[in-house]
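Chemist: Mind having a look at this structure? Questions to follow.
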Amino acid sequence: MIFVTIYPNDERWAIRTTDERGRLIPSERAVRMLAASDERSYYGLLLSKNEETLFVTTDELLRLIEQWEHPMVRIEMNDAKTAQYVEQLRPIRQFLHDPAHFKAVHLTTDGSIEIDGVSPEEERLIVQLLHERFGPLLTDPIVQRPLLAHIRTYGIEPLRHDDPPLALRLQEPESFDEPWELSLAVVRPSGKLWSAPPSKRNVSIERALLKEWKGRAAAIEAQQQFITSLLPHVPEAPNDVLFFQTLTERDVQRWLQYDVPLLQAFDVPVVLPQWLKQLTATKMTAKTEVAPSYQSVASFDDIVSFDWTFSVGDETVTRAQFGELVREQRSFLQLNDRWFFIDPESLKRLQQLLSEAEEKEWTVRDLLLSQTPLQTVNDDEEEEPVLSFELHRQLQQFLHQFQQKEQLPHVPIHDALQTTLRPYQRDGVDWLLFMRSYGLGACLADDMGLGKTVQVIAYFLHVHDASDRPSLVICPTSVLGNWQKELETFAPSLRVAIHYGAGRPSDAHAFRTKVAEERPDVIVTTYGTATQDRDVLEEMAFETIVIDEAQNIKNMQTKQSRAIRSFTGRHHIALTGTPIENRLAELWSIFDFLLRGYFGSFHSFTTTYIAPIERDGDVHMKEQLQRKIEPFLLRRTKSDPSLQLDLPEKNEYNEYCPLTSEQAALYKAYVDETEAAMNDASPFEKKGLVLTMLNRLKQLCNHPAFFLKEPIDDLDEALRRSIKVQRIVERSAMIVEEGEQGLIFTQYIGMGTLLQRILHEKYGIDAPFLTGQTTKEERDELVRRFQRGEFPIFILSLHAGGTGLNLTAATYVLHADRWWNPAVENQATDRAYRIGQTKYVDVAKYVTLGTIEEKIDRLLREKTSLSNDLIQSSQWMAQLSDEDIRELITLE
């Protein structure tokens with residue numbers, strides 16, 4: 001005797017068995033007793049199980065309950081709950097046995113099932129069983145009704161395989177234009193099929209059958225009626241003759257798609273041609289040689305011509321055959337005695353693409369930038385594209401230049417450029433001009449310090465040799481002065497206008513008048529001003545629009561982003577020092593500025609790329625996006641092996657920052673006050689006044705609070721009051737984002753403390769500050785920690801940290817304020833740039849525009865006759881004449 005326990009398990013039932021002593025019987029033994037009579041499961045072999053438990057569907061459980069009889073074993077219910085489940089299931093099995101009961105089954109308007117005359121629990125179990133039995137067929141609106149009509153007549157039992165067994169056979173036509181044949185076949189003991197010959201297709205079933213089967217004519221007719229009730233998409237045929245029907249190709253498609261799954265659900269054997277059984281949907285593909293209308297690609301708007309060829313697998317399809325497939329909506333194609341099933345979706349997509357090509361004139365731009373699955377012949381893709389292009393030689397060369405950024409036309413650097421470009425910078429200028437020549441926006445995303453600005457300036461010199469229209473540079477306020485200074489330094493021949501501040505033209509007419517009068521080559525403005533003056537700037541078409549630190553337009557909903565993207569320019573350039581590939585919302589905004597509509601709407605970009613990549617981690621979509629942006633993005637990093645040979649070991653440059661209006665007012669008032677005092681001072685007193693003034697002006701250039709001796713509580717307000725502080729903090733954050741380390745040198749405790757507070761409280765960056773008060777033990781520990789990479793930014797007092805330290809972990813050095821002795825600055829720089837440094841070192845010196853900082857810097861660079869001894873301290877400035885001092889301190 002065995003005892004059975006039944007309990008629900010998810011959407012199945014679990015069965016466990018024990019012997020008379022309560023010991024668990026392994027499922028392998030138990031199944032042989034429980035399913036001893038169940039032919040459908042091959043006597044338990046097909047049932048799901050683990051070592052201790054059987055897992056069965058409701059249908060399988062019903063069959064087992066009905067057959068729980070064993071000649072050697074007595075089967076009992078182990079508990080009341082199991083007995084209750086069995087009692088609930090018995091009437092359901094009785095319901096299923098009688099097809100007449102299925103007349104109570106109805107489909108609701110939403111496709112769900114309702115059953116009359118049964119309890120809610122019985123209805124739930126019957127519906128669950130039907131779903132187990134028929135799966136998706138029960139919810140397919142095309143199959144639902146014929147399925148229900150069949151089970152109302154025949155129930156849910158499969159076809160009984162009497163003697164002789166029957167099958168449905170599909171036979172392909174001899175030629176492309178003949179019909180297919182579907183017929184009832186008798187399966188011989190050898191496995192071969194017999195169908196009525198043409199001469200017996202219209203006689204009674206008994207007369208048509210071979211002698212050995214004539215006695216089974218009535219049974220065969222009944223089975224045939226069962227089978228044909230499962231053919232809703234096949235034309236009706238008489239029931240008193242052996243089933244035979246001719247089908248069109250569309251009939252075959254519907255039969256394969258809808259009727260065959262129905263037949264298989266009731267175990268009706270279906271015999272297909274061998275090639276069709278092995279066949280998966282094959283794409284029809286088109287290949288074309290694409291050639292420009294002229295001998296070379298002169299423009300992205302050049303019209304291209306196509307020479308189409310079609311293929312399926314390795315077989316060629318003529319244009320006439322392709323046209324016939326499309327016209328007749330055929331899916332089966334015979335080529336050289338081989339049959340192919342053409343995927344309808346690929347055929348439809350291909351026809352759409354061909355129609356596009358024939359209805360409008362395609363250009364090089366359409367070919368390379370559209371959603372068309374562009375593939376060249378040599379591509380090794382796992383999946384063959386619907387449409388592939390064999391590019392003419394000229395287009396191949398252009399595509400290589402466009403995608404690889406190699407072999408670009410070399411443009412001589414303009415003689416007016418007052419610096420020597422490094423090889424990678426010359427490559428950048430060539431690339432910008434190449435993209436311009438084809439009307440394509442360009443994103444120059446080189447690392448900080450690699451000279452993006454000077455590459456754009458060299459580009460401007462070339463462009464404005466042949467254009468009277470101005471270009472527009474839009475940048476953060478903090479780098480406005482830097483653009484002004486670098487344009488003045490590297491391209492003094494360019495006429496530059498600054499559109500910023502209270503004195504700028506306030507309306508479109510005044511702006512156009514000023515531009516007409518001054519005829520600037522380059523207009524520089526800020527993001528804030530461009531947003532405020534949108535109506536003014538929208539009125540003008542610019543030669544080129546450059547956005548610096550392009551991440552400023554990352555939020556596409558802001559007024560700023562919408563304003564910038566509304567301006568008109570023949571060419572658009574975005575500059576950024578940080579990778580944009582991983583910030584997808586920012587990437588969309590930048591590309592909508594560079595190539596309006598390239599990625600469609602932000603909503604479609606979110607659906608296509610942002611959600612799959614950021615939510616699902618879809619690597620394929622990320623790679624696809626990378627391929628789409630790659631041609632428009634030029635990014636070189638300091639770690640690029642190809643650049644290392646071209647880079648200096650140390651790159652020193654000035655970062656120019658304007659004063660805020662508050663600083664400028666304080667600066668002018670203090671200079672006026674000091675000049676008045678100097679008029680009545682003795683030479684000795686004047687020397688003291690000059691040295692005091694120099695120190696206070698340097699503090700003012702850092703931050704007005706230091707000059708005014710005010711406490712700093714509000715860090716946001718503190719940032720607004722000094723552009724220099726903004727720039728140093730922003731650069732520090734970018735250094736950390738790049739995974740690098742940097743040093744910040746300042747001669748003022750207040751400046752170091754302020755930078756430390758802002759970096760920690762606003763950016764979460766650990767930035768220790770080494771001063772003269774730091775003990776030797778603390779100092780040594782800080783150096784060890786920095787060298788081990790435990791914190792990214794190290795702030796140092798110029799005097800306390802300027803000598804004797806080895807800080808080669810740093811690849812950036814920022815001089816927050818200037819020391820009048822270059823040797824002192826150089827010694828500080830050499831904390832990072834020294835023996836043991838294996839990386840390129842970037843050295844930025846922050847200089848406020850129009851102030852004594854800029855003038856002393858210029859003096860030190862220009863007065864090459866001054867000996868090192870003479871400039872070992874700031875004492876030399878006290879020896880200057882009154883006129884020289886006045887020139888130095890006057891705010892420009």
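According to the numbering used here, the sequence shown is numbered sequentially starting from 1. C-beta atoms are modelled at their ideal positions from N, C-alpha and C, and glycine is treated no differently. What you are looking at is a predicted structure, and each value in this text was computed from that prediction instead of being measured.
As an exercise, report each continuous beta strand (DSSP E) stretch of at least 3 residues that is fully enclosed by the stretch 141 to 195, in chain order.
Modeler: Here the runs fully enclosed are 166 to 171 and 180 to 187.
Chemist: Roughly how many angstroms separate the alpha carbons of E652 and V813, rounded to a whole number?
Modeler: Cα to Cα, the separation comes out at about 9 Å.
Chemist: Check whether the stretch 225 to 238 touches the stretch 186 to 194, counting contact only when three or more Cβ pairs, one atom from each stretch, lie closer than 8 Å.
Modeler: Short answer: they don't touch.
Chemist: Sort L461, F684 and K724 by Cα distance to H703 and report the nearest one.
Modeler: With distances taken between Cα atoms, H703 lies closest to K724.
Chemist: Given this structure, state the Cα-to-Cα distance separating I523 from K514, to the nearest angstrom.
Modeler: Rounded to the nearest angstrom, the two C-alpha atoms are 11 Å apart.
Chemist: Is the stretch 792 to 800 close to the stretch 665 to 673, with three or more CB pairs under 8 Å?
Modeler: These segments do not touch.
Chemist: Please classify I126 as buried or exposed, where buried requires at least 16 other C-beta atoms within 10 Å of its C-beta.
Modeler: Buried, since its Cβ has 16 or more Cβ neighbours within 10 Å.
Chemist: I need the straight-line Cα distance from R894 to T544, nearest angstrom please.
Modeler: Any question about residue 894 goes unanswered here, given that the chain covers just 1 to 892.
Chemist: With burial defined as no fewer than 16 other Cβ atoms inside 10 Å of the residue's Cβ, what is the status of D817: buried or exposed?
Modeler: D817 is buried by the Cβ-count criterion.
Chemist: So, for P8: in the same chain, excluding its five sequence neighbours on each side, which residues have a beta-carbon less than 7 Å away from its beta-carbon?
Modeler: Once the five neighbours on either side are set aside, P8 has no close Cβ partner at all.
Chemist: For R615, count the other beta carbons within 10 Å of its own beta carbon; 16 or more makes it buried, fewer makes it exposed. Which is it?
Modeler: Flag for R615 reads exposed.
Chemist: Where DSSP assigns a beta bridge to E710, which residues make up the other side?
Modeler: DSSP lists no partner for E710.
Chemist: Would a C-beta distance cut-off of 8 Å place P940 and E549 closer than the cut-off?
Modeler: Past the edges of the chain, shown from 1 to 892, lies residue 940, and the structure says nothing about it.
Chemist: How about M33 and I65: do their beta carbons lie closer than 8 Å?
Modeler: Not in contact: M33 and I65 (Cβ atoms no closer than 8 Å).
Chemist: DSSP on Q551, reduced to helix/strand/coil?
Modeler: Three-state result, Q551: helix.
Chemist: Could you check the C-alpha separation between A208 and P273 for me, to the nearest Å?
Modeler: Looking at the two C-alpha atoms, the distance is approximately 24 Å.
Chemist: In the structure shown, what three-state DSSP assignment does L796 receive?
Modeler: In the structure shown, L796 sits in a strand (DSSP, three-state: E or B).
Chemist: For a quick check, are the C-beta atoms of K839 and T811 less than 8 Å apart?
Modeler: Closer than 8 Å, so yes.
Chemist: Whole angstroms is fine: what's the gap from S561's alpha carbon to Q626's?
Modeler: Roughly 23 Å separates the two Cα atoms.
Chemist: By DSSP's criteria, E929 is part of a beta bridge. Which residues make up the other side?
Modeler: Residue numbering for the chain in the displayed model covers 1 to 892; residue 929 lies beyond these limits and cannot be assessed.
Chemist: Just tell me which of L170, S204, D163 and P423 has its CA closest to the CA of Q223.
Modeler: Q223 has its Cα closest to that of D163, out of L170, S204, D163 and P423.
Chemist: In or out: K211 buried (at least 16 other Cβ within 10 Å) or exposed?
Modeler: K211 comes out exposed.
Chemist: Contact check, L487 vs Y500 under 8 Å by CB: the rounded distance?
Modeler: Actually they are not in contact, since the Cβ atoms of L487 and Y500 sit about 14 Å apart, beyond 8 Å.
Chemist: Taking DSSP as the reference, what is the three-state secondary structure of S867?
Modeler: Annotation note: pLDDT 38 at S867 (below 50); position unreliable, coordinate value reported separately. S867 falls in the coil class under three-state DSSP.
Chemist: Go through the stretch 645 to 727 residue by residue and report every complete run of the beta strand (DSSP E) that reaches 3 residues or more, in order.
Modeler: Complete beta strand (DSSP E) runs here, min 3: 650 to 657.
Chemist: For L47, name the three-state secondary structure that DSSP assigns.
Modeler: In this structure, L47 counts as coil in the three-state DSSP scheme.
Chemist: I'd like the list of long-range same chain contacts for V893, defined as Cβ closer than 6 Å, with 5 residues on each side in sequence excluded.
Modeler: This structure gives no information on residue 893, because the portion of the chain shown stretches from 1 to 892.
Chemist: Less than 8 Å separating the beta-carbons of L54 and L47?
Modeler: Going by C-beta atoms, L54 is nearer than 8 Å to L47.
Chemist: State yes or no: is the C-beta of R636 within less than 8 Å of the C-beta of D447?
Modeler: Contact: yes.
Chemist: Should N679 go down as buried or exposed, given a rule of 16 or more other Cβ atoms within 10 Å for buried?
Modeler: Its Cβ having fewer than 16 others within 10 Å, N679 is exposed.
Chemist: Taking the runs of the beta strand (DSSP E) that are 3 residues or longer, which of them lie wholly in the stretch 205 to 253?
Modeler: You should have 244 to 247.
Chemist: Within a Cβ cutoff of 6 Å, which residues of the same chain sit near S41, ignoring the five residues on either side of it in sequence?
Modeler: For S41, where only same-chain residues beyond five positions count, the Cβ hits under 6 Å are A35 and L47.
Chemist: Since I believe P26 is in contact with E60 (beta carbons under 8 Å), could you give me their beta-carbon distance rounded to a whole number of angstroms?
Modeler: No, E60 and P26 are not in contact; Cβ-Cβ is about 19 Å, not under 8 Å.
Chemist: Return yes when the Cβ of A800 is within less than 8 Å of the Cβ of L754, no when it is not.
Modeler: No; because the gap between Cβ atoms is not below 8 Å, this pair is not in contact.
Chemist: Between V841, V496 and S37, which lies nearest to S639 when the distance is taken from Cα to Cα?
Modeler: The option with the nearest alpha carbon to S639 is V841.
Chemist: If you draw a straight line from the alpha carbon of I613 to that of P492, how long is it in whole angstroms?
Modeler: Near 47 Å, if we compare the C-alpha coordinates of P492 and I613.
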